[in-house]
Each structure stands twice: as structure tokens, then as C-alpha cells.
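Worksheet: the structure to be examined is printed underneath.
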Amino acid sequence: MGNKDIGMVGLGRMGANMARRLHLKGMKVTAYNRHTEKATELAKETGMRAASSLEALVQALPTPRVLWLMLPAGEVTQSHIDSILPLLSKNDILINGANAFYEDSIAQSQKVEAAGIRYIDAGVSGGIWGLQEGYALMVGGSREAVAQVTPFLEALAPAADKGWLHCGPVGSGHFVKMAHNGIEYGMMQALAEGFAILQGKTEFGLDLAKVAEMWRYGSVVRSWLLDLTADTLTKDQVLASIAPIVADSGEGLWTAQTALALKIPAPVI
């Protein structure tokens with residue numbers, strides 16, 4: 002294996018756990034966060050390196066550098082890229098792991114690659130469980146760039162040969178992640194509607210937690226989302242404390258808009 006050094010920019014719930022998993026898998030992680038105490042605390046916890054600035058982060062990495070950005074999509078990611086770009090050298094690699102709209106990623110890559118820096122868009126799924134279970138990684142970029150970062154993808158995935166895919170050119174990774182999230186929202190809505198129907202038949206006195214737990218084994222609707230539903234229902238079957246809305250992070254809207262643009266019926270999404 003070649004270069005094991007990687008810089009992780011953004012240490013929220015996803016970024017911090019991805020940095021931890023990479024470190025546990027033997028990668029040499031240098032962590033950076035805008036609020037530097039997060040990087041310092043993570044370094045104390047794990048023994049990985051912390052950078053106090055983007056300049057220090059870039060200087061800590063051997064060339065060709067690999068930097069993985071796990072930041073909110075849009076202005077925050079773009080401002081970090083604008084700050085990092087002048088610090089990098091030709092053939093360094095920037096990986097954008099945000100939940101970004103794929104067309105924005107394509108446009109972003111053109112500016113990055115015009116500066117001689119290679120760009121990869123990476124859709125990441127796995128949430129807070131990814132540290133233990135591994136992450137699903139949907140990757141877009143050139144064959145050469147993806148080959149260079151393959152050791153990191155294999156370390157983050159559930160297995161070296163499972164759970165990650167080079168989907169195609171730049172933009173394809175975030176496109177596949179967008180569709181993934183659209184499917185997820187449809188599945189979540191179906192689960193919510195189904196359990197509402199079960200709950201509504203009051204004369205049967207159904208134990209929703211037991212139904213969900215039973216469905217986890219052998220049923221055609223078994224899934225990770227059902228596992229989470231079963232766990233939640235074990236704690237609270239009324240769910241009165243949970244708001245009946247979910248904040249829109251963009252992916253559902255983008256999936257619906259893309260379906261319309263492609264003239265593909267998608268009533269569930």
C-alpha cells in the first residue's frame with residue numbers, strides 16, 4: 002500500500018467517526034475543524050494528529066495529498082475549498098463528502114481541476130453507526146484519482162470489497178447518493194404509514210414493538226430502517242415526543258426535481 006496519510010476537514014458526527022475509523026484501520030489521519038478544540042480533543046482521544054489551521058493541515062501531509070471534506074453542502078464547503086485550493090500542489094486530491102447536489106459538484110470540480118487538483122465527489126451513508134459497521138460510499142471521479150484513494154475507501158467501507166463503488170465520472174457519486182436518500186425517505190414514509198394503520202386498529206391491541214421485531218426476521222420488509230423502527234417502538238409506541246416533520250436537507254427535493262427533469266414517474270419519492 003502507498004500513502005496512508007489523509008487530512009479530514011470537518012469533525013461533526015460523521016467526520017469525527019470517519020476519522021476514528023480510518024485511524025483504527027491504520028491510516029495516518031490529520032484532523033482539522035474550524036473550531037479547533039474538536040480536533041484537539043479527537044487527537045487526545047485517539048492519538049491521531051490535529052492541525053490548528055488549514056495551512057498546518059496541508060503542511061502535515063506528504064504529496065500527493067488527500068483531503069476529505071465532511072462539511073455542510075453549499076457555502077461552507079465552497080469557502081473551505083476556496084481557502085484550501087491555493088495551498089495545494091498539482092495532483093493533490095480533494096474529496097467532497099457533503100450531501101451536495103450533483104450538478105453543483107460537477108461545477109465545483111471544474112474550478113478545482115483547472116488548478117491542477119483532482120476532485121472526487123463521495124456520497125456517504127452510515128450515520129453514527131458507521132464507525133462500527135462501516136460506511137456505504139458512492140464515489141465519482143477519474144479512475145486515476147479513485148485508484149489513489151482506494152485504500153481509504155476500503156478502510157471506511159464495511160469490507161474492502163463491499164459497500165463502496167466507483168460509480169463513474171465526477172458527479173455520479175453525489176447523484177447516486179441523492180437517489181439513495183430519495184429511496185430512504187420513501188421507505189421511511191411507508192413504514193410510518195404502515196404502523197399508523199396497525200395502531201389505528203385499536204380493538205386488536207397490537208403491540209407495535211413486537212410486530213416490528215417479528216418483521217426483522219424472514220420478512221420481505223426487513224431492513225436497517227425497520228431495525229431502527231423496532232428499537233424506537235420498544236422505547237415509545239406513542240411517539241408523542243417526536244415531531245411529525247423532518248427538516249429538508251435538500252436530497253428529497255433534488256431527487257423529485259431530477260425525476261421530473263428525466264420524465265420518470267416517482268410518486269413515492
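Going from the sequence shown to our numbering is simple: count from 1 and add 1.
All residues carry an ideal CB built from backbone N, CA and C; glycine is no exception.
Computed from a predicted model, the values in this text were never measured in an experiment.
Own chain residues within Cβ distance below 8 Å of residue i, not counting five before or after
i, result
"T64", "S90, N92 and D93"
"G48", "H24"
"P266", "A260"
"L166", "L138, M139, V140 and V177"
"G357", "With the chain represented from 2 up to 270, any question about residue 357 goes unanswered, as that position is not in the structure."
Distance, residue j Cα to residue i Cα
i, j, result
"Q133", "E76", "31 Å"
"L62", "G127", "27 Å"
"E194", "L95", "41 Å"
"K178", "D237", "31 Å"
"L209", "T256", "31 Å"
"I107", "A116", "15 Å"
"G174", "A146", "14 Å"
"A244", "T233", "14 Å"
"A44", "L261", "46 Å"
"L240", "G13", "27 Å"
"D6", "W69", "11 Å"
"M9", "V113", "18 Å"
"Y218", "A191", "19 Å"
"A197", "K26", "43 Å"
"L72", "G11", "5 Å"
"L227", "A17", "26 Å"
"Y103", "Q149", "22 Å"
"S220", "I270", "23 Å"
"K264", "L254", "15 Å"
"K211", "I246", "25 Å"
"A57", "H81", "14 Å"
"W225", "Q79", "33 Å"
"T235", "A213", "9 Å"
Identified DSSP bridge partners for residue i
i, result
"G169", "G141"
"T37", "Bridge partners of T37: none, in fact."
"Y120", "L95"
"K26", "None; K26 has no bridge partner."
"D6", "K29"
"S126", "A137"
"R50", "T31"
"E148", "Checking the sequence shown, residue 148 turns out to be Ala, not Glu. A148 pairs with nothing; no bridge assigned."
"A160", "K163"
Sequence-distant residues of the same chain with beta carbon closer than 6 Å to residue i, five excluded per side
i, result
"S110", "Y120 and V171"
"N182", "E252"
"N4", "none"
Close-in-space but distant-in-sequence residues of the same chain around residue i (CB under 7 Å, 5 per side omitted)
i, result
"V125", "M15, G98, Y136 and L138"
"A180", "T256"
"V222", "W216"
"R21", "T47 and L132"
"L229", "none"
"S250", "N100"
_Pairs of beta-carbons, one from the stretch 136–148 and one from the stretch 191–208, closer than 8 Å: are there three or more?_
no
*How about the stretch 158–166 and the stretch 179–188: do they share at least three Cβ pairs that are nearer than 8 Å?*
no
*asked:* My parser needs the alpha helix (DSSP H) runs of 4 or more residues fully inside the stretch 63–91; what are they?
replied: 76–85
*Touch check for the stretch 78–86 and the stretch 140–150: three-plus C-beta pairs under 8 Å?*
no
*Between the stretch 25–36 and the stretch 51–59, do three or more beta carbon pairs fall short of 8 Å?*
yes
*Can you list the beta strand (DSSP E) stretches of 3 or more residues lying completely in the stretch 171–224, in chain order?*
none
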